[in-house]
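Asks: Take this structure first; my questions come after.
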Amino acid sequence: MSRKTLVTATLLTLLSVGGVATPAAAGAIETVTLPNPDSPIIAVRLLFKAGSIHDPAGKEGLAAITGLMVGDAGTQKRSYSELIDALYPMASSIEVDTDREVTVISGEVHREKLAEYTALLTEAVLQPAFSESDLSRNKEQALAYLTTTLRASNDELLGLEAIQQVIFDGHPYQHSPAGTVEALESITLEDIKKFYRDHYTQANLMLGVAGGYPEGYVAELEKALGALPQGEPGKLTELPEPAKVEGRQFTLIDKETDSVGIHIGYALPINRSDPDYYPLMVANSYLGEHRTFHGRLMQQLRGHRGLNYGDYSYIEYWHLPPFTMNPTPNVPRRQQYFSVWVRPVVPETAHFAVRDALFEVDRLATRGLTEEEFELARDFLVNYSKLWGQTLPNRLAWHMDSRYYDMPYYIDEIEERLKKLTVDEVNAAVKKYIQTDDYHAVLVTNNAAEVKAYLEKDQPSPMKYNAPPEQQVLDADVAIQKIKVEPDEISIVPVAEMFQD
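Following my numbering, the numbering of the sequence shown begins with 0 at its first residue and continues without gaps.
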C-alpha cells in the first residue's frame, strides 16, 4: 500500500483534544486513540496477543523470536540495514518487546515524517522478510541474553526470572519469554512463519495511536493493517490457576558471584482489575515502593543497617527493575504475584537479610498500618502514580493496558479508588493476602551447599557493623537474628542448568 493512502494530506485540520476511542465495531481492529493536536509527536503501538504463553512445547522463545523477525529485521522490500538507514533520518525506530501474554511493536515520530514512518512500520508488520540472516542474528542475540546476560553478568535479572519460574512452575508463565537454549536453537523459519500466520491477526491486534496525527490517519492505518489475516475472534487464552506453594520453598542458584541476591514471593489471586488490588497497593507502597526511600524495607535494610543498595516489594510483575524507576506499561498479566526483592548483599549478611525481609513482611501482616501510615502511603501514591503517564507514549500504553484488563483508565482509577479507601480496608486486604508461612525464595549465590547448610541449621545470624547503629536497631536485631526461617525444602540449581530444557 502506498504512502499516500496511509496518511492524508498534511494540510488537513488536526483533531480536537479528545478522550480514548470507544471499542471498535465487531470485525474491526480494536483501536485506542489519544488525540493531542498540540503534540508534534505521534506514537503508534501495535499490541498483539501473542506472548510466551503461546509458545508451543519445545519451542520456548518462539513468540519473542517472531516479534524480532517482524520488528527488528528486514522486509520483503529492504534488508535490515536498509530499514535502519531509512529510519535514521527520521530520528525514529521500530521497537519490539515480548512478555508472557503480548508482543508490542511500537514507535514514535515527528508528524512531518509520519507518512514515511508509517509506510516503513506497516511494511515491517505486513511484509516481513523472514530471512535466514535475520533469524541467525536474532537467535544469537536471544541466546546471548540467556547465557551471557542472565547466567553470567546480571544476577538481579537472573533472580527475577528464577522467582517467576518457581512461582509459576508448570504454568504457561513459567518459562522466560526469551525461551530456553535448546528451544531457541531448534526454531526454524517455518516455525516463525506459522506462528506469525496464527497469531499476527486482526482479531489478536489492539492498535494504539496518540498525538497530533491528521484527520483520517487512524482509519487509513486500520485499513492498511486490514491486510493481516482476520483471525478467530474470541476471549483471551485461558490460564490455569498457579499451583499453591506449601511451606517455605528455597531455590539456590549456584554460580560464581561475590554477593547474594534474594527474591521472596508467591502467587496472588488478584490483578489491578480487582477491587482488592488498590488497598493492597497502599500497603505495598508502605512496605517497599520500588526505587523510593519511604518503604519500610528500604529504611530498615539499607537505611538503618547498610545491607545493600535497595529493598522493595511488589504486588504485580515489574519489568526490568534494575533499569526502571516507574512501572512499565504494555506488559499486562492477568495473573500476578507478591514479591520482595532484596538487592545483592555480601554473603556474610545474607542469612540476616532473609530474616530481616521476612520480619518486615510479617510485621505488616501482623500489625497492618496505622491511620497516619495509611494516609501518608495513600497520599504519596495518588500523586506519585501521576508521574507514570508523563509521556504521550506511556499514557497511550496505560490506556491500552486498561482496555486489556477491561477496566477504567488505570492512572485515574488509582486516584478514584484510593481517595475512597479507609485504613480498615487496607488492613483487611493485608490480612487476606500478606503472609510468611508459604512462599518461594530464590537466592543467587556462590557456595550454595554452604548456604543450604546454614539455612537448614537455622542458627542465629547476628549482624556485625563497622559502625554501630542506633540502639533501637540493635535491640531489633536481637529478635531478627533468631527468626526461624525453617525451610521445608531447599533445592540447588547450578547456573549452567538455568534456561535449559
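Glycine is no exception: its CB is placed at the ideal position from the N, C-alpha and C atoms.
Predicted model, so just to flag it, every value in this text is computed and none were measured.
Which residue or residues does DSSP assign as beta-bridge partners of D310?
Replies: V341.
Asks: Report yes if the CB atom of Y199 is closer than 8 Å to the CB atom of A27, and no otherwise.
Replies: Going by C-beta atoms, Y199 is not nearer than 8 Å to A27.
Asks: Mapping DSSP to helix, strand and coil, what is A85?
Replies: Reduced to three states, the DSSP call for A85 is helix.
Asks: Can you give me the C-alpha to C-alpha distance between F498 and P36, rounded to a whole angstrom?
Replies: Each residue's Cα considered, the two are about 47 Å apart.
Asks: Could you check the C-alpha separation between T12 and S312 for me, to the nearest Å?
Replies: For T12, the predicted model reports a pLDDT of 27, less than 50, meaning its position is unreliable; a value from the coordinates is still stated below. Rounded to the nearest angstrom, the two C-alpha atoms are 48 Å apart.
Asks: Please classify M324 as buried or exposed, where buried requires at least 16 other C-beta atoms within 10 Å of its C-beta.
Replies: Flag for M324 reads exposed.
Asks: Just to confirm the assignment: which complete beta strand (DSSP E) runs, minimum length 3, are found wholly within the segment 262-304?
Replies: With a minimum length of 3 residues, no continuous beta strand (DSSP E) run stays inside the segment 262-304.
Asks: May I have a chain-ordered list of the beta strand (DSSP E) segments no shorter than 3 residues that lie completely inside the segment 402-470?
Replies: Correct list: 438-444.
Asks: For A495, which residues from the same chain have a beta carbon less than 8 Å from its beta carbon, with the 5 sequence-adjacent residues on both sides left out?
Replies: Correct list, in chain order: R150.
Asks: Near L417, what residues of its chain come up, given a Cβ to Cβ distance below 8 Å and the 5 sequence neighbours on each side ignored?
Replies: Y277, M280, V281, R377, L380, V381.
Asks: Can you give me the start and stop residues for the alpha helix (DSSP H) that H198 sits inside?
Replies: It spans 188-198 - the alpha helix (DSSP H) in which H198 sits, taken as one unbroken run.
Asks: In chain order, what residues of the same chain have a beta carbon less than 8 Å from the beta carbon of E485, not counting five sequence neighbours either side?
Replies: Excluding sequence neighbours, E485 sits near R247, D457.
Asks: Report the rounded CA-to-CA distance for I104 versus R362, giving the unit in angstroms.
Replies: Using only the alpha carbons, I get a separation of about 43 Å.
Asks: Is G207 buried or exposed, if buried means 16 or more other CB atoms sit within 10 Å of its CB?
Replies: Buried, since its Cβ has 16 or more Cβ neighbours within 10 Å.
Asks: Suppose you measure from the CA of I263 to the CA of S175; what does that come to, to the nearest Å?
Replies: Answer to the nearest angstrom: the Cα atoms are 18 Å apart.
Asks: With DSSP as the reference, label A209 as helix, strand or coil.
Replies: A209 falls in the strand class under three-state DSSP.
Asks: So if DSSP puts A42 in a beta bridge, which residue, or which two residues, is it bridged to?
Replies: DSSP output for A42 lists E107, A209 as bridge partner(s).
Asks: Rounded to the nearest angstrom, how far is the Cβ of Y404 from that of P331, given a contact under 8 Å?
Replies: That pair is a contact at about 6 Å.
Asks: Can you confirm whether the segment 221-229 touches the segment 461-468 when touching is taken to mean that 3 or more C-beta pairs between the two stretches lie within less than 8 Å?
Replies: Not touching, per the Cβ criterion.
Asks: Just to confirm my understanding: we take M399, look at its own chain, exclude 5 residues before and 5 after, and list those with CB closer than 7 Å. What are they?
Replies: Cβ within range, chain order: V31, R44, L46, M205, G207, N329.
Asks: Roughly how many angstroms lie between the CA atoms of L357 and A440, to the nearest whole one?
Replies: Cα to Cα, the separation comes out at about 11 Å.
Asks: Does DSSP put M47 in a helix, a strand or coil?
Replies: Looking at the sequence provided, one finds Phe at residue 47 rather than Met. Of the three classes helix, strand and coil, the one that applies to F47 here is strand, per DSSP.
Asks: So is F322 buried or exposed if we call it buried at 16+ other beta carbons inside 10 Å?
Replies: Exposed is the call here.
Asks: Determine, using beta carbons only, whether G367 and N426 come nearer to each other than 8 Å.
Replies: Yes, the pair counts as a contact, with Cβ atoms nearer than the cut-off.
Asks: Would V259 and P343 qualify as a contact pair, given that the criterion is a beta-carbon distance under 8 Å?
Replies: Closer than 8 Å, so yes.
Asks: Quick check on L145: does DSSP put it in helix, strand or coil?
Replies: In the structure shown, L145 sits in a helix (DSSP, three-state: H, G or I).
Asks: Would you kindly check if the distance between the Cβ of I479 and the Cβ of D355 is under 8 Å?
Replies: It is a contact, given that the beta carbons lie within the stated cut-off.
Asks: Does the separation of the CB atoms of G70 and V108 fall below 8 Å?
Replies: Against a cut-off of 8 Å, the Cβ pair of V108 and G70 comes out as no contact.
Asks: Just verifying my parser: in three-state terms, what is the DSSP assignment at H486?
Replies: The amino acid at residue 486 is misidentified as His; the sequence shows Pro. P486 falls in the coil class under three-state DSSP.
Asks: From this set, A475, Q470, T435, T444, which residue's C-alpha is nearest D487's C-alpha?
Replies: Checking every option, the nearest Cα to that of D487 belongs to T435.
Asks: What would DSSP say about P321, mapped onto helix, strand or coil?
Replies: Helix, per DSSP.
Asks: Which residue from T365, E359, E370, E415 puts its Cα closest to that of S384?
Replies: Residue E415 is the option with its Cα nearest to S384.
Asks: With a Cβ-Cβ cutoff of 8 Å, do T74 and L67 count as a contact?
Replies: No, the Cβ-Cβ distance between T74 and L67 is not below 8 Å.
Asks: Does DSSP classify L391 as helix, strand or coil?
Replies: Reduced to three states, the DSSP call for L391 is helix.
Asks: Does DSSP put R247 in a helix, a strand or coil?
Replies: R247: strand per DSSP, three-state reduction.
Asks: Along the chain, where does the alpha helix (DSSP H) that runs through E155 open and close?
Replies: Where E155 is concerned, the enclosing alpha helix (DSSP H) stretches over 154-166.
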